[in-house]
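Undergrad: As they're listed, the protein sequences go chains X and F. Okay, so the first sequence: first residue is 7 according to my numbering, each after it adds one. Okay, so the second sequence: first residue is 128 according to my numbering, each after it adds one. For glycine and all other residues, C-beta sits at the position ideal for the given N, C-alpha and C.
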Amino acid sequence: MIRAVNIKKSFDGVEVLKGISTIFEKGKTNLIIGRSGAGKTVFLKLLVTLMQPTEGEIWYGDVNVTNLNKRQLIDLRKDIGMLFQGSALFDSLTVEENIRFPLDMFTRKTKKEKQERVDEMIEVVNLEGSNDKYPGEISGGMQKRVGIARSIVLNPKYLFCDEPNSGLDPKTSLVIDELIQTITRENQITTIINTHDMNSVMEIGEKINLLHMGKLAWVGNKDEVVENENELLQNFIFASPFLQRLRKQALGK
Amino acid sequence: MILSFFYHLGRFISLLRLMISKPENWSMYWKETVRQMNDMGVGSLIIVCLISLFIGAVSAVQIAFQLSEQIVPMYYTGYIVRDMTIIEMAPTLTCLVLAGKVGSSIAAELGGMRQKEQIDALEIMGVNTAAYLVFPKIFAALFIVPLLVAIAAFVAIIGGYLAVVPTGMITATEYVTGLRAFFVPYNINIMFVKGVVFGFTLTAIPAYQGYYVEGGSLELGQANMNAVVFSNIAILFCDFIITLMMT
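1) Would you kindly check if the distance between the Cβ of residue 47 of chain X and the Cβ of residue 229 of chain X is under 9 Å?
2) Have a look at residue 252 of chain F and residue 117 of chain X and give me their C-alpha separation to the nearest angstrom.
3) Distance cutoff 9 Å, beta carbons only. Does residue 80 of chain X sit that close to anything in chain F?
4) Can you pull the chain X neighbours of residue 152 of chain F, defined as C-beta to C-beta under 8 Å?
5) Roughly how far, in whole angstroms, is the beta-carbon of residue 347 of chain F from the beta-carbon of residue 242 of chain F, given that I think they are within contact range, below 8 Å?
6) Comparing the C-beta of residue 255 of chain F with each C-beta of chain A, is any distance below 9 Å?
7) Report the rounded CA-to-CA distance for residue 185 of chain X versus residue 212 of chain X, giving the unit in angstroms.
8) With three or more beta-carbon pairs closer than 8 Å as the criterion, would you say the stretch 222-240 of chain F touches the stretch 235-254 of chain X?
9) Residue 135 of chain F lies in the alpha helix (DSSP H); which residues open and close that run?
10) Which of the residues in the stretch 128-157 of chain F, read from start to end, lie with their CB under 9 Å from any CB of chain X?
11) What does the alpha-carbon distance come out to for the pair residue 352 of chain F and residue 70 of chain X?
12) Which whole-angstrom value describes the C-beta separation of residue 325 of chain F and residue 272 of chain F, a residue pair presumed to lie in contact below a C-beta threshold of 8 Å?
13) Which partner residues of residue 6 of chain X appear in the DSSP bridge assignment?
14) Tell me which residues share the same chain as residue 36 of chain X and place their Cβ nearer than 6 Å to its Cβ, disregarding the 5 neighbours each side in the sequence.
15) Taking only beta-carbon atoms, is residue 86 of chain X less than 9 Å away from chain F?
16) Ends of the alpha helix (DSSP H) at residue 177 of chain F?
17) Take the Cβ of residue 215 of chain X as the centre, count every other Cβ of all protein chains shown within 10 Å, and call the residue buried at 16 or more, exposed below.
18) From the DSSP output, in three-state form, read off residue 21 of chain X for me.
19) Excluding five sequence neighbours on each side, which residues of the same chain lie with their C-beta closer than 8 Å to the C-beta of residue 365 of chain F?
20) Can you find a CB in chain F that lies within less than 9 Å of the CB of residue 91 of chain X?
21) Just the Cα atoms here: how many angstroms apart are residue 207 of chain F and residue 371 of chain F?
22) Once DSSP output is grouped into helix, strand and coil, what is the label at residue 271 of chain X?
23) Rounded to whole angstroms, what is the Cα-Cα separation between residue 52 of chain X and residue 14 of chain X?
24) Judging by CA-CA distance, which residue of X:232, X:62, X:50 is the nearest neighbour of residue 88 of chain X?
25) Identify every residue that forms a DSSP beta bridge with residue 16 of chain X.
26) Can you name the residues of chain F whose CB is closer than 7 Å to the CB of residue 96 of chain X?
27) When we look at the beta-carbon of residue 23 of chain X and count the other beta-carbons within 10 Å, is it buried (16 or more) or exposed?
28) Quickly, what does DSSP pair residue 30 of chain X with across the bridge? List them, please.
29) Taking Cβ-Cβ distances below 7 Å as the criterion, which residues of the stretch 47-62 of chain X are in contact with chain F?
30) Output needed in chain order: residues of the stretch 250-276 of chain F with a Cβ under 9 Å from some Cβ in chain X.
31) Note down, in chain order, every chain F residue with its Cβ under 8 Å from the Cβ of residue 83 of chain X.
32) Can you tell me where the beta strand (DSSP E) holding residue 35 of chain X begins and where it ends?
33) Please confirm whether residue 166 of chain X has its beta-carbon closer than 9 Å to some beta-carbon of chain F.
34) Would residue 181 of chain X pass as a contact of residue 137 of chain X if the rule is Cβ separation under 9 Å?
35) Using a 10 Å radius around the Cβ and a threshold of 16 neighbouring Cβ atoms, would you call residue 368 of chain F buried or exposed?
36) For residue 218 of chain F, tell me which candidate among F:360, F:146, F:319 has the shortest Cα-Cα distance.
Laid out in C-alpha cells, this is it:
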C-alpha cells in the first residue's frame, strides 16, 4: 500500500499540486486520471521518488519515503518497477538483454537461473520468438510488453505505469491493461497507473483518482463512473457527445 | 554569466562526486568500461592515425623546407618533428580530434538516454546512473587516450619520414640521426600527463553536458555543440597550464 498525505509541489513559485491525500491499495490497479496539465505526471514522479514534494509525505507501507537519502532510495527502488511512457528500453540491448538487465545488475543468480527467469517473463508477456530482436525492430505494443517484463523481473512490490497505452491501438491497449491487471492480482503488488485512456478507466479502474488543477477531484472505481454525477468526472470521461449519449442510454435516460 | 559559470561548475563537481561510489555489480561496470575502451580506442584508431600521419608529414616538409640552404644541419628536421610531436602535436591535436569524435558521441548518447527516460529507468531500478553511465567512460579514457596519443606520436614521426625521405628532401640517415639527437625522456612524461588530463577533460565535460540535457532535439544539439566547444577550450587551457608547470 502507498499513502500520499497532503502532497504539495511547486515549481518556481507556481503550485502544481495543491495538497493531495489518497491511498493506493495493494493487489489493485490504482489509476490516476485527469486532463493534460492536471499534475498527473508530477504526482507519479513524486510517488516513484524521482522528485521530492514541497510539502507532505509519501508512505510505502510503514516507511516514510519523503526524505530518504541517496543510499536509502537506491535500496527502496529495488522494490519498485516502472513502465515508462516510451518504454525506455535500452537501444543497444536485445529484448532478452533488456529483461535480464536488472537480474545482471542486482542478483547473484547463475546464468541458467537468469535465463529461466527471462524465459518465464517472456512467456508472461507473450513475446516468444522475439528474444534476439532489438527495441527498434519491434512494434510499440511489443516494446511496452518488454518494458513490463523488465519492470517485474525482480518481483517488485510496487509497479508504476506512466501512460501505458499511449500510442497504441485500442486492441493492443486492452492486451496491455489485462496484462498489468493480471500481474497485479497474481503477485499482489501495488500498481499505480497514470492514464488518459478511457478504455483503461472502464476496464481496470479498481481505484480511480481524478486530478483537476492540482487537486484530487474524485475518488471511486469503474463501477461508479457511469452513475456518479460529479461534473468534472463526467466532463472528463464522457467528453464527446457520442459518449454522453452512450452514458444516457446506459442510465436509461 | 559568472553566476551561471559557478552553477555549472558546482553541478559538474557534484556529478563527479556522485560518480564515486561502490558499484552495484563490479562485473557490469567492468563490462561497460571494456565496451567504452573498445569504442574509444578501436573506434578512433583510424582517424587518429590518419590525422597524425598527415600532421607529421606536413610538419616535416615545412621544417625541411625552412632549414634548406640554412646553416642549421638538415638532421634537425627529425629532431624538431620528434619533439614537436611528442610535446605538443600528438597530445593536443589528437585530443582536439577526440573531443569532436568521442565527446560528441558521449553527449549524444547520454542526452538521448535522458530524453528517452532511460536514465530515469535506471534510477528507478536502483542504479547509481552517474556511476554506471559516466564513470566507465572517464575511466576508459584515462587509459585509452594516452595510448592513442602515444600511437599518434609514433605515426606522426613515421609520417614525417615518409614525407621527406622518399621525396629526397633529406636522407634517411639525417632524419634518423635527428630523431636520436638531444632526446629528453622527460618529454615522454609531459606527453602522457597531457594524455591523461585531456582524456579526463574530453569525456567528463561531454558527459556532464549530455547527462543534464533537458528539452528536445534542439537542446540535445546545443548540448552536443557545448560538449565539443567547452572540451576544446578546456583542453587548450589545460595544455597551457601543463606546459607552464612541466617545462
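TA: Quick answer:
1) If you number the first sequence from 1, residue 229 of chain X lands on position 223. If you number the first sequence from 1, residue 47 of chain X lands on position 41. Contact flag unset, no.
2) Taking the first residue of the second sequence as 1, we reach residue 252 of chain F at position 125. Taking the first residue of the first sequence as 1, we reach residue 117 of chain X at position 111. As the crow flies, the alpha-carbon of residue 252 of chain F is around 20 Å from that of residue 117 of chain X.
3) In the first sequence, the residue the question calls residue 80 of chain X occupies position 74. Look at residue 80 of chain X: its C-beta is under 9 Å from a C-beta on chain F.
4) As a working note, residue 152 of chain F is residue 25 in the second sequence. Listed by position along chain X, the residues whose Cβ is nearer than 8 Å to that of residue 152 of chain F are 110, 111, 112.
5) As a first step, residue 347 of chain F is located in the second sequence; it is residue number 220 there, counting from the start. As a first step, residue 242 of chain F is located in the second sequence; it is residue number 115 there, counting from the start. Contact holds; Cβ gap of about 7 Å.
6) Given the protein chain composition of this structure (X and F), no chain A is represented.
7) Translated into the one-based positions of the first sequence, residue 185 of chain X becomes position 179. Translated into the one-based positions of the first sequence, residue 212 of chain X becomes position 206. Rounded to whole angstroms, residue 185 of chain X and residue 212 of chain X show a C-alpha spacing of 15 Å.
8) The stretch 222-240 of chain F and the stretch 235-254 of chain X do not touch, with fewer than 3 CB-CB distances between them shorter than 8 Å.
9) Within the second sequence, numbered from 1, the residue matching residue 135 of chain F stands at position 8. Note, residue 135 of chain F: alpha helix (DSSP H), 129-146.
10) Those residues of the stretch 128-157 of chain F that come within reach of chain X (Cβ to Cβ, closer than 9 Å) are 145, 148, 151, 152, 154, 155.
11) Walking along the second sequence from the start, residue 352 of chain F turns up at place 225. Walking along the first sequence from the start, residue 70 of chain X turns up at place 64. When rounded, the distance between both Cα atoms is 42 Å.
12) Stepping through the second sequence from its first residue, residue 325 of chain F is reached at position 198. Stepping through the second sequence from its first residue, residue 272 of chain F is reached at position 145. Correct: roughly 6 Å between the Cβ atoms.
13) Lying before the first or after the last residue shown, residue 6 of chain X is absent from chain X, which here runs from 7 to 259.
14) Translated into the one-based positions of the first sequence, residue 36 of chain X becomes position 30. For residue 36 of chain X, where only same-chain residues beyond five positions count, the Cβ hits under 6 Å are 30, 198, 213.
15) Numbered from its first residue, the first sequence carries residue 86 of chain X at position 80. Yes, contact with chain F.
16) As a working note, residue 177 of chain F is residue 50 in the second sequence. Counting along the chain, the unbroken alpha helix (DSSP H) around residue 177 of chain F starts and ends at 153-194.
17) Counted from its first residue, the first sequence places residue 215 of chain X at position 209. The residue is buried, with at least 16 neighbouring Cβ atoms inside 10 Å.
18) Position 15 of the first sequence holds residue 21 of chain X. Residue 21 of chain X: strand per DSSP, three-state reduction.
19) Along the second sequence, read from residue 1 onward, the residue named residue 365 of chain F stands at position 238. Closer than 8 Å at the Cβ level, and outside the excluded window around residue 365 of chain F, lie 321, 324, 325, 328.
20) For this step, residue 91 of chain X is matched to residue 85 along the first sequence. Output row for residue 91 of chain X: interface = yes.
21) As a position in the second sequence, residue 207 of chain F is number 80, starting the count at 1. As a position in the second sequence, residue 371 of chain F is number 244, starting the count at 1. The alpha-carbon separation between residue 207 of chain F and residue 371 of chain F amounts to approximately 20 Å.
22) Nothing about residue 271 of chain X can be reported from this structure: the residues present for chain X run from 7 to 259 only.
23) Counting from one through the first sequence, the residue named residue 52 of chain X turns up at place 46. Counting from one through the first sequence, the residue named residue 14 of chain X turns up at place 8. Approximately 10 Å between the Cα atoms of the pair.
24) Position 82 of the first sequence, counting from 1, holds the residue named residue 88 of chain X. Relative to residue 88 of chain X, the option among X:232, X:62, X:50 whose CA is nearest is X:50.
25) The sequence position of residue 16 of chain X within the first sequence is 10, counting from 1. Paired residues: X:21.
26) As a position in the first sequence, residue 96 of chain X is number 90, starting the count at 1. Within chain F, the residues near residue 96 of chain X are 245.
27) What you label residue 23 of chain X is simply residue 17 of the first sequence in a count that begins at 1. It counts as buried.
28) Translated into positions along the first sequence, residue 30 of chain X becomes position 24. Answer is X:8.
29) Within the stretch 47-62 of chain X, the residues whose Cβ lies closer than 7 Å to any Cβ of chain F are, in chain order, 54, 56.
30) Those would be 250, 251, 252, 253, 254, 255, 259, in chain order.
31) By one-based count along the first sequence, residue 83 of chain X stands at place 77. Correct list: 250, 251, 252, 253.
32) Counting from 1 along the first sequence, the entry for residue 35 of chain X is found at position 29. Where residue 35 of chain X is concerned, the enclosing beta strand (DSSP E) stretches over 35-40.
33) For the purposes of this step, residue 166 of chain X is identified with residue 160 of the first sequence, where counting begins at 1. Chain F contact via Cβ: present.
34) By one-based count along the first sequence, residue 181 of chain X stands at place 175. By one-based count along the first sequence, residue 137 of chain X stands at place 131. Pairing residue 181 of chain X with residue 137 of chain X gives a Cβ-Cβ distance that is not under 9 Å.
35) In the second sequence, residue 368 of chain F corresponds to position 241, counting from 1. Exposed: under 16 other Cβ atoms inside 10 Å.
36) Looking up residue 218 of chain F in the second sequence gives position 91. Looking at the Cα atoms, F:319 is the closest of the given residues.
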